[in-house]
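Everything below concerns the one structure shown next.
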(Lines of atoms letter the chains of each structure in order from A and count residues from 1; the text may use other names and numbers.)
(Lines give C-alpha, C1' and ligand atoms only; values in the text may rest on other atoms or scores of the structure.)
Protein backbone atom coordinates (compact mmCIF):
# COMPACT_ATOMS: atom_id res chain seq x y z
CA UNK A 1 0.00 0.00 0.00
CA UNK A 2 1.19 3.51 -0.83
CA UNK A 3 -0.29 6.68 0.64
CA UNK A 4 0.91 10.26 0.51
CA UNK A 5 0.88 12.22 3.76
CA UNK A 6 1.60 15.92 4.28
CA UNK A 7 3.46 16.61 7.52
CA UNK A 8 3.64 20.11 9.03
CA UNK A 9 6.57 21.03 11.26
CA UNK A 10 5.74 23.08 14.35
CA UNK A 11 5.80 26.85 13.61
CA UNK A 12 8.73 28.83 14.96
CA UNK A 13 8.01 32.46 15.86
CA UNK A 14 6.69 34.32 12.82
CA UNK A 15 7.90 31.63 10.45
CA UNK A 16 4.98 29.63 9.00
CA UNK A 17 4.91 25.89 9.49
CA UNK A 18 7.10 23.99 7.02
CA UNK A 19 5.25 21.33 5.03
CA UNK A 20 6.65 18.16 3.56
CA UNK A 21 4.90 15.57 1.40
CA UNK A 22 5.92 12.02 2.30
CA UNK A 23 5.16 8.90 0.28
CA UNK A 24 4.65 6.05 2.73
CA UNK A 25 4.91 2.44 1.55
CA UNK A 26 3.74 -0.08 4.12
CA UNK A 27 1.21 -2.89 4.52
CA UNK A 28 -2.30 -1.78 5.30
CA UNK A 29 -2.92 -1.79 9.04
CA UNK A 30 0.68 -0.88 10.00
CA UNK A 31 0.77 1.04 13.27
CA UNK A 32 1.61 4.74 13.05
CA UNK A 33 4.41 4.18 15.56
CA UNK A 34 6.36 2.25 12.90
CA UNK A 35 6.71 5.30 10.65
CA UNK A 36 6.34 8.22 13.08
CA UNK A 37 10.09 8.84 13.45
CA UNK A 38 10.54 8.71 9.67
CA UNK A 39 7.80 11.30 9.18
CA UNK A 40 9.47 13.57 11.75
CA UNK A 41 12.87 13.27 10.07
CA UNK A 42 11.37 14.00 6.66
CA UNK A 43 9.85 17.32 7.74
CA UNK A 44 12.82 18.35 9.91
CA UNK A 45 15.38 17.78 7.16
CA UNK A 46 18.88 16.30 7.50
CA UNK A 47 20.14 19.18 9.65
CA UNK A 48 16.91 19.88 11.49
CA UNK A 49 16.21 19.12 15.08
CA UNK A 50 12.85 18.76 16.75
CA UNK A 51 14.26 18.21 20.22
CA UNK A 52 14.23 15.09 22.30
CA UNK A 53 11.25 13.08 23.34
CA UNK A 54 8.59 11.05 21.66
CA UNK A 55 7.22 12.03 18.29
CA UNK A 56 3.64 13.30 18.60
CA UNK A 57 1.40 13.67 15.56
CA UNK A 58 -1.95 15.41 15.27
CA UNK A 59 -4.73 15.29 12.69
CA UNK A 60 -6.23 18.74 13.07
CA UNK A 61 -6.80 19.18 16.81
CA UNK A 62 -6.89 15.42 17.48
CA UNK A 63 -3.82 13.79 18.98
CA UNK A 64 -3.15 10.45 17.32
CA UNK A 65 -2.38 7.34 19.34
CA UNK A 66 0.69 5.97 17.56
CA UNK A 67 0.00 2.42 18.73
CA UNK A 68 -3.70 2.26 17.89
CA UNK A 69 -3.90 4.38 14.73
CA UNK A 70 -3.23 2.27 11.64
CA UNK A 71 -2.10 3.32 8.18
CA UNK A 72 -4.84 3.05 5.61
CA UNK A 73 -7.62 3.76 8.10
CA UNK A 74 -9.08 7.24 8.73
CA UNK A 75 -7.55 9.67 9.39
CA UNK A 76 -4.33 8.07 8.08
CA UNK A 77 -5.44 7.82 4.46
CA UNK A 78 -4.03 9.17 1.21
CA UNK A 79 -3.89 12.98 1.25
CA UNK A 80 -4.10 13.37 5.03
CA UNK A 81 -2.41 16.39 6.65
CA UNK A 82 -0.61 15.75 9.94
CA UNK A 83 0.93 18.26 12.35
CA UNK A 84 4.10 17.42 14.25
CA UNK A 85 4.41 18.09 17.98
CA UNK A 86 1.59 20.69 18.02
CA UNK A 87 -2.13 20.63 17.10
CA UNK A 88 -3.05 21.88 13.67
CA UNK A 89 -5.78 24.27 12.64
CA UNK A 90 -9.32 23.33 13.48
CA UNK A 91 -11.01 22.87 10.11
CA UNK A 92 -14.45 23.43 11.60
CA UNK A 93 -13.48 27.03 12.34
CA UNK A 94 -13.55 27.76 8.61
CA UNK A 95 -17.32 27.24 8.52
CA UNK A 96 -17.82 30.86 9.62
CA UNK A 97 -15.74 32.32 6.76
CA UNK A 98 -18.05 34.63 4.77
CA UNK A 99 -16.21 34.36 1.44
CA UNK A 100 -13.15 33.07 -0.34
CA UNK A 101 -11.01 34.07 -3.30
CA UNK A 102 -10.29 31.30 -5.77
CA UNK A 103 -7.39 31.67 -8.20
CA UNK A 104 -8.82 30.24 -11.43
CA UNK A 105 -6.11 31.32 -13.90
CA UNK A 106 -2.46 32.34 -13.79
CA UNK A 107 0.69 30.93 -12.17
CA UNK A 108 -1.12 30.29 -8.88
CA UNK A 109 -4.22 28.66 -10.37
CA UNK A 110 -5.90 26.33 -7.92
CA UNK A 111 -5.15 28.41 -4.84
CA UNK A 112 -7.94 29.27 -2.41
CA UNK A 113 -7.71 32.17 0.06
CA UNK A 114 -10.23 32.48 2.88
CA UNK A 115 -11.59 35.95 3.60
CA UNK A 116 -12.31 36.18 7.32
CA UNK A 117 -13.30 39.85 7.24
CA UNK A 118 -11.64 43.24 7.10
CA UNK A 119 -9.22 44.26 4.34
CA UNK A 120 -6.77 41.98 2.56
CA UNK A 121 -4.19 43.13 0.05
CA UNK A 122 -3.46 41.21 -3.13
CA UNK A 123 -0.09 41.49 -4.83
CA UNK A 124 3.31 40.09 -5.70
CA UNK A 125 5.01 41.25 -2.51
CA UNK A 126 5.58 38.99 0.48
CA UNK A 127 3.75 41.65 2.48
CA UNK A 128 0.53 40.94 0.58
CA UNK A 129 -2.15 38.97 2.39
CA UNK A 130 -2.89 37.14 -0.87
CA UNK A 131 0.48 36.73 -2.61
CA UNK A 132 0.56 35.96 -6.32
CA UNK A 133 3.65 34.76 -8.13
CA UNK A 134 2.74 36.74 -11.25
CA UNK A 135 5.34 39.12 -12.77
CA UNK A 136 2.56 41.29 -14.24
CA UNK A 137 1.03 41.89 -10.81
CA UNK A 138 2.24 44.89 -8.79
CA UNK A 139 3.75 44.41 -5.35
CA UNK A 140 0.54 45.64 -3.75
CA UNK A 141 -1.94 45.50 -6.60
CA UNK A 142 -5.44 45.77 -5.12
CA UNK A 143 -7.30 45.33 -1.87
CA UNK A 144 -10.46 43.39 -1.07
CA UNK A 145 -12.63 44.43 1.87
CA UNK A 146 -15.23 42.27 3.60
CA UNK A 147 -17.68 44.37 5.62
CA UNK A 148 -19.50 43.24 8.74
CA UNK A 149 -22.67 42.50 6.77
CA UNK A 150 -20.74 40.17 4.44
CA UNK A 151 -20.56 42.49 1.43
CA UNK A 152 -17.29 42.41 -0.48
CA UNK A 153 -15.67 45.32 -2.33
CA UNK A 154 -12.45 45.74 -4.31
CA UNK A 155 -10.28 48.76 -5.08
CA UNK A 156 -7.11 49.22 -7.12
CA UNK A 157 -3.99 50.36 -5.25
CA UNK A 158 -2.41 52.28 -8.14
CA UNK A 159 -1.16 49.15 -9.88
CA UNK A 160 0.93 49.36 -13.04
CA UNK A 161 -1.20 47.12 -15.24
CA UNK A 162 -4.57 47.88 -13.66
CA UNK A 163 -7.40 45.75 -12.29
CA UNK A 164 -10.60 44.74 -14.07
CA UNK A 165 -13.81 43.31 -12.68
CA UNK A 166 -15.80 41.33 -15.26
CA UNK A 167 -14.06 43.38 -17.95
CA UNK A 168 -14.69 46.80 -16.34
CA UNK A 169 -11.73 48.78 -15.04
CA UNK A 170 -11.46 49.20 -11.27
CA UNK A 171 -10.07 52.42 -9.81
CA UNK A 172 -9.14 53.52 -6.30
CA UNK A 173 -12.80 53.85 -5.34
CA UNK A 174 -14.16 50.54 -3.97
CA UNK A 175 -16.74 48.74 -6.11
CA UNK A 176 -18.83 45.77 -5.11
CA UNK A 177 -17.37 42.33 -5.77
CA UNK A 178 -20.30 39.95 -6.20
CA UNK A 179 -20.07 36.16 -5.83
CA UNK A 180 -19.03 34.59 -9.12
CA UNK A 181 -17.45 37.79 -10.43
CA UNK A 182 -14.03 37.51 -12.08
CA UNK A 183 -11.23 39.78 -10.91
CA UNK A 184 -8.38 40.12 -13.42
CA UNK A 185 -4.94 41.42 -12.45
CA UNK A 186 -1.88 40.73 -14.56
CA UNK A 187 -2.11 37.21 -15.96
CA UNK A 188 -4.08 36.03 -12.93
CA UNK A 189 -7.85 35.70 -12.56
CA UNK A 190 -9.56 35.45 -9.20
CA UNK A 191 -13.17 34.52 -8.52
CA UNK A 192 -15.18 35.35 -5.42
CA UNK A 193 -17.07 32.41 -3.96
CA UNK A 194 -19.15 31.81 -0.89
CA UNK A 195 -17.26 30.63 2.15
CA UNK A 196 -19.91 28.04 2.99
CA UNK A 197 -18.65 24.49 2.79
CA UNK A 198 -20.28 22.06 0.41
CA UNK A 199 -22.11 19.16 2.02
CA UNK A 200 -19.83 16.34 3.14
CA UNK A 201 -20.40 13.14 1.21
CA UNK A 202 -20.28 9.84 3.08
CA UNK A 203 -17.08 7.85 2.54
CA UNK A 204 -15.85 4.37 3.31
CA UNK A 205 -12.19 3.18 3.46
CA UNK A 206 -11.22 0.74 0.72
CA UNK A 207 -8.56 -1.02 2.82
CA UNK A 208 -5.72 0.34 0.67
CA UNK A 209 -5.39 3.80 2.14
CA UNK A 210 -8.03 5.52 0.06
CA UNK A 211 -11.61 6.58 0.65
CA UNK A 212 -14.49 5.68 -1.59
CA UNK A 213 -17.26 8.20 -1.93
CA UNK A 214 -20.64 6.59 -1.46
CA UNK A 215 -23.18 7.57 -4.03
CA UNK A 216 -26.21 9.35 -2.71
CA UNK A 217 -29.29 7.17 -3.08
CA UNK A 218 -31.52 8.19 -5.95
CA UNK A 219 -34.87 9.59 -4.90
CA UNK A 220 -37.56 6.93 -4.90
CA UNK A 221 -39.99 7.11 -7.79
CA UNK A 222 -43.55 7.83 -6.75
CA UNK A 223 -45.60 4.64 -6.49
CA UNK A 224 -48.31 4.28 -9.15
CA UNK A 225 -51.72 5.32 -7.98
CA UNK A 226 -54.01 2.30 -7.67
CA UNK A 227 -56.96 2.44 -10.07
CA UNK A 228 -60.24 3.42 -8.47
CA UNK A 229 -63.24 1.06 -8.39
CA UNK A 230 -65.14 0.79 -11.65
CA UNK A 231 -68.89 0.49 -11.81
CA UNK A 232 -70.91 -0.87 -14.66
CA UNK A 233 -74.36 -0.33 -13.24
CA UNK A 234 -76.12 2.78 -12.10
CA UNK A 235 -74.70 4.97 -9.42
CA UNK A 236 -75.66 3.79 -5.95
CA UNK A 237 -77.01 7.24 -5.16
CA UNK A 238 -79.09 7.48 -8.34
CA UNK A 239 -82.21 5.38 -8.51
CA UNK A 240 -82.41 3.08 -11.48
CA UNK A 241 -84.90 4.12 -14.13
CA UNK A 242 -88.12 2.08 -14.16
CA UNK A 243 -91.64 2.14 -15.49
CA UNK A 244 -93.89 5.05 -14.60
CA UNK A 245 -96.64 4.78 -12.02
CA UNK A 246 -99.27 2.16 -12.97
CA UNK A 247 -103.09 2.57 -12.83
CA UNK A 248 -104.88 2.56 -9.53
CA UNK A 249 -105.83 -0.85 -8.18
CA UNK A 250 -109.11 -2.23 -9.53
CA UNK A 251 -109.09 -0.41 -12.87
CA UNK A 252 -108.66 -1.92 -16.29
CA UNK A 253 -106.61 -0.48 -19.00
CA UNK A 254 -108.40 0.01 -22.31
CA UNK A 255 -106.65 -1.30 -25.34
CA UNK A 256 -106.61 0.89 -28.42
CA UNK A 257 -109.29 -0.01 -30.94
CA UNK A 258 -108.22 -1.71 -34.07
CA UNK A 259 -109.83 -1.01 -37.42
CA UNK A 260 -110.14 -3.73 -39.98
CA UNK A 261 -109.26 -2.86 -43.54
CA UNK A 262 -112.25 -1.70 -45.53
CA UNK A 263 -114.53 -1.13 -42.50
CA UNK A 264 -116.45 2.11 -42.39
CA UNK A 265 -116.06 4.39 -39.47
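In UniProt numbering, the protein residues as written are 1 to 265.
For every residue, glycine included, the Cβ atom is placed at its ideal position computed from N, Cα and C.
Our two residues, residue 125 and residue 107, have alpha carbons roughly 15 Å apart in a direct line.
Remark: C-beta atoms of residue 209 and residue 60 do not approach each other more closely than 7 Å. Spanning the alpha carbons of residue 55 and residue 79 requires a straight line of approximately 20 Å.
Ranked by how close their Cα comes to the Cα of residue 127, the residues 118, 117, 119, 139 have 139 in first place.
Your pair residue 114 and residue 144 does not check out as a contact, with CB atoms roughly 12 Å apart and the cut at 8 Å. By the Cβ criterion, the segment 164-182 is not in contact with the segment 32-44, since fewer than three pairs of Cβ atoms, one from each stretch, lie closer than 8 Å. The beta-bridge partner set that DSSP reports for residue 20 consists of 7. Within the same chain, and ignoring the five residues on either side of residue 26 in sequence, the residues whose Cβ sits closer than 8 Å to its Cβ are 1, 34, 35, 71.
When secondary structure is reduced to three states using DSSP, residue 36 falls in the helix class. The three-state reading of DSSP puts residue 44 in helix, counting H, G and I together.
By the beta-carbon neighbour count (other beta carbons within 10 angstroms, threshold 16), residue 192 is buried.
Here residue 159 is buried. Its C-beta has 16 or more other C-beta atoms within 10 Å. Here the alpha carbons of residue 28 and residue 164 stand approximately 51 Å from one another. When secondary structure is reduced to three states using DSSP, residue 113 falls in the strand class. If you check the CB distance, residue 172 and residue 155 come in under 7 Å.
Taking all protein chains in view, the Cβ of residue 132 is crowded by 16 or more other Cβ atoms within 10 Å, so the residue is classified as buried. A straight-line Cα-Cα distance of about 26 Å links residue 105 and residue 4. The beta-bridge partner set that DSSP reports for residue 205 consists of 211.
DSSP places residue 123 within a strand segment (E or B) once states are collapsed to three.
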